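Student: Position one of the sequence shown corresponds to residue 183 (my numbering), numbered consecutively onward. Backbone N, C-alpha and C fix where the C-beta goes; we use that ideal spot for every residue, glycine too. Small disclaimer: the values here were computed from a predicted structure and weren't measured.
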Amino acid sequence: MTNEEQIQYKLDELADFKAQVDALNLRKKAAIDEILTPELRAEIEGIELEYSAKSEGAQSNISELEAAIKEMVIEHGMTVKGEFIMAVRNKGRETWDSKKLSGYAAAHPEIEQFKKVGNPTVSFRMIG
Numbered sequence: 183m184t185n186e187e188q189i190q191y192k193l194d195e196l197a198d199f200k201a202q203v204d205a206l207n208l209r210k211k212a213a214i215d216e217i218l219t220p221e222l223r224a225e226i227e228g229i230e231l232e233y234s235a236k237s238e239g240a241q242s243n244i245s246e247l248e249a250a251i252k253e254m255v256i257e258h259g260m261t262v263k264g265e266f267i268m269a270v271r272n273k274g275r276e277t278w279d280s281k282k283l284s285g286y287a288a289a290h291p292e293i294e295q296f297k298k299v300g301n302p303t304v305s306f307r308m309i310g
């Protein structure tokens, strides 16, 4: 079995495990729904609706306050600590045009000593 085939096998195995977790969650929900009377289900939906609206309002307040704090901290120029939360100011990220710089390096190989290449990373995406 090739390396790629081994990885494909592991990916399929991962998909199976994720499907098992999804199936368990569906069975759990079905078991809970089975014991709920229509009256209880209606009460739960009412509670969900009530708290959803309250949560949306609170989340909106949080978003607005976070935006205001970020603006203030950037203007202040330093990290600020509250009692429970700290707003950490980070300097702007410096980036370079890699394509242009690589072209320049072809003509000026001495700059290659300043190049750093990070380790590769892997992320998972669902297909279909």
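Is it true that the stretch 231-243 meets the stretch 251-266, where meeting means three or more beta-carbon pairs spaced less than 8 Å apart?
Tutor: Touching, no.
Student: With a Cβ-Cβ cutoff of 8 Å, do T261 and R275 count as a contact?
Tutor: Indexing the sequence shown from 1 puts residue 261 at position 79. Indexing the sequence shown from 1 puts residue 275 at position 93. No, the Cβ-Cβ distance between T261 and R275 is not below 8 Å.
Student: Give me the Cα-Cα distance between E292 and K252, rounded to the nearest whole angstrom.
Tutor: Residue numbering aside, residue 292 sits at position 110 when the sequence shown is read from its first letter. Residue numbering aside, residue 252 sits at position 70 when the sequence shown is read from its first letter. Going by the C-alpha atoms only, they are around 40 Å apart.
Student: Look at the alpha carbon of K298 and the alpha carbon of V203, and state the distance between them as a whole number of angstroms.
Tutor: Taking the sequence shown and counting its residues from 1, the one referred to as residue 298 is at position 116. Taking the sequence shown and counting its residues from 1, the one referred to as residue 203 is at position 21. Each residue's alpha carbon lies about 40 Å from the other.
Student: Could you tell me which residues DSSP puts in a beta bridge with V262?
Tutor: Your numbering for residue 262 matches position 80 in the sequence shown. Its beta-bridge partners are A269.
Student: In the DSSP assignment, the alpha helix (DSSP H) including Q188 goes from what residue to what residue?
Tutor: Your numbering for residue 188 matches position 6 in the sequence shown. From DSSP, the alpha helix (DSSP H) with Q188 extends over 185-217.
Student: Taking DSSP as the reference, what is the three-state secondary structure of P302?
Tutor: Position 120 of the sequence shown, counting from 1, holds the residue named residue 302. If DSSP states are grouped into helix, strand and coil, P302 belongs with coil.
Student: What is the DSSP secondary structure of E276, counted as helix, strand or coil?
Tutor: Within the sequence shown, the letter at position 94 stands for residue 276. It is coil, neither helix nor strand.
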